[in-house]
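Numbering (mature numbering (1 follows the signal peptide of the UniProt record, and there is no 0)), first residue to last: -20 to -1, 1 to 417.
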């Protein structure tokens, strides 16, 4: 079902065209409650022609343009955001990183925040890093996050590493409105995070709190969120973390080398005050967790913390230590009365979700995860290889693994005829578009 804003836009079409537009997937294989967002379909084609962080032809200019739009790239290389954020406030947007010439687009020293509806982001790399800020210096930056107002958002096949806050998150104010339904409607909802590489959150870097190697924070009352087919690697916690009242699904993810926690749920009483606690809901299906060099001996796949209850459906999940011995599926890090309410009946799965078995997950994720898997850059290839081989560790700085990328700027004209502009899929294989670096 489309968002309310999309329905208004469709009202100007004939009934037949409106029905077709509303039923179309964002792209082949789109999944989740956001699967039918149009993104920037049928809008302007905006060409990014420079790696400069702002000005004519920049990615920032394209994102700030009003109206439906699809952002394509006639340049490849690194965009240095210089400790700034790309704020997406204009709806109906598709960022098509798959159109960039090799080596693709990598953002450093900054990230992207989405505060609007109907956004599709695919095949870009975001690597905030510590931006040369001192330890505890207050540079606390997500790679990507949604905030209140974010509805029908898909982040698919992106690489998100080296954040000093979370690598990939969904957030917003907890309690906008009078009722719990208001809270859920006014924070991020109908979100899909699919096929992303979410790795190497920086531990002791520039966050004011100190240790902050985190994968994904799904903030209080976020709902209808699907986290599917991702690789979480070398994050101390939050792979992912669901906070109070969150409702969503974690399906077919590969979690490698977690620190003290992998998937967890935590309603923090201090943050909820006098607001009535809401019941969390999580379906955890077909996930695989493997311990690595940074993993303690007693980590469970799912752990309950805090003060709130959660309804949990679990099916076909596996967790093993470094030599293949089973690790527990469930654990807890709270002494409160909070409880796991285990559900026996599988919930209805959202659009396009057909889980594979947990033993198939590693090969499937490794084969297709991250930005431009047909054209992986050095750091994505390194993380994927280390996951397969059981190497790597949680890091404190991007300099621990070679530093920010230095890629030559490349150029190639965008040829509209080479693409299905409705879904931004190529009319010839992606691999045929790779050019020498």
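Idealized CB from N, CA, C, for every residue including glycine. Just so it is clear, the structure is predicted and the values come from calculations on it, not from any experiment.
- Using a Cβ-Cβ distance cut-off of 8 Å, the region 340 to 348 and the region 262 to 274 are in contact, since at least three pairs of beta carbons, one from each stretch, lie closer than that value.
- Around the beta carbon of residue 233, 16 or more other beta carbons lie within 10 angstroms, which makes this residue buried.
- Taking a cut-off of 8 Å for Cβ pairs, the region 170 to 189 and the region 97 to 113 touch, as three or more such pairs fall below it.
- Under the three-state reduction of DSSP, residue 90 is assigned to strand.
- Contact check for residue 390 and residue 56: beta-carbon distance about 4 Å, within the 8 Å limit, so the pair qualifies.
- Annotated as proximal: residue 228 and residue 204, with beta-carbon spacing under 8 Å.
- When DSSP states are grouped into helix, strand and coil, residue 362 belongs to the helix group.
- By DSSP's assignment, residue 294 forms a beta bridge with 264.
- Collapsing the DSSP output to three states places residue 397 in a helix.
- Taken atom to atom, the span from the alpha-carbon of residue 275 to that of residue 372 is near 11 Å.
- Rounded to the nearest angstrom, the gap between the Cα atoms of residue 408 and residue 246 is 46 Å.
- Relative to the Cα of residue 273, the nearest Cα in the group 300, 126, 21 and 173 belongs to 300.
- Burial of residue 132 is indicated by the presence of at least 16 other C-beta atoms within 10 angstroms of its C-beta.
- At a Cβ-Cβ threshold of 8 Å, residue 77 and residue 106 do not count as neighbours.
- Unbroken beta strand (DSSP E) runs of no fewer than 3 residues, entirely contained in the region 119 to 149, are found at 124 to 126, 131 to 136 and 139 to 141, following chain order.
- According to DSSP, residue 241 shares a beta bridge with no other residue.
- Contact between residue 174 and residue 200 does not hold, since their C-beta atoms are separated by about 23 Å, which reaches or exceeds 8 Å.
- Pairwise C-beta distances place the region 383 to 398 out of contact with the region 209 to 217, as fewer than three of them are shorter than 8 Å.
- Contact between residue 243 and residue 281 holds: their C-beta atoms lie close to 6 Å from each other, under 8 Å.
- The region 35 to 47 and the region 10 to 27 touch, with no fewer than 3 CB-CB distances between them shorter than 8 Å.
- The C-beta distance from residue 214 to residue 144 rounds to 15 Å, too long to meet the 8 Å contact threshold.
- Pairwise C-beta distances place the region 10 to 22 in contact with the region 67 to 83, as three or more of them are shorter than 8 Å.
- When the five nearest sequence neighbours on each side are left out, the beta carbons in the same chain lying within less than 6 Å of the beta carbon of residue 125 are those of 93, 149 and 151, in order along the chain.
- Looking at 296, 364 and 287, the one whose alpha-carbon comes closest to that of residue 335 is 296.
- A Cβ-Cβ distance of about 11 Å is found for the pair residue 284 and residue 321, leaving them out of contact under the 8 Å criterion.
- Pairing residue 61 with residue 101, the inter-Cα distance amounts to about 18 Å.
- In this structure, the beta-carbon distance from residue 109 to residue 378 falls below 8 Å.
- Contiguous beta strand (DSSP E) elements confined to the region 204 to 241 occur at 211 to 213, 221 to 223, 227 to 231 and 234 to 236, taking only those with 3 or more residues.
- Of all alpha-carbon atoms in 217, 156, 139 and 166, the one lying nearest the alpha-carbon of residue 176 is that of 139.
- Assignment of residue 113 by DSSP, reduced to helix, strand and coil, places it in the coil class.
- Judged by their CB atoms, residue 163 and residue 154 are nearer to each other than the 8 Å cut-off.
- Counting only the Cα atoms, residue 287 lies some 23 Å from residue 166.
- Beta-bridge pairing by DSSP links residue 320 to 290.
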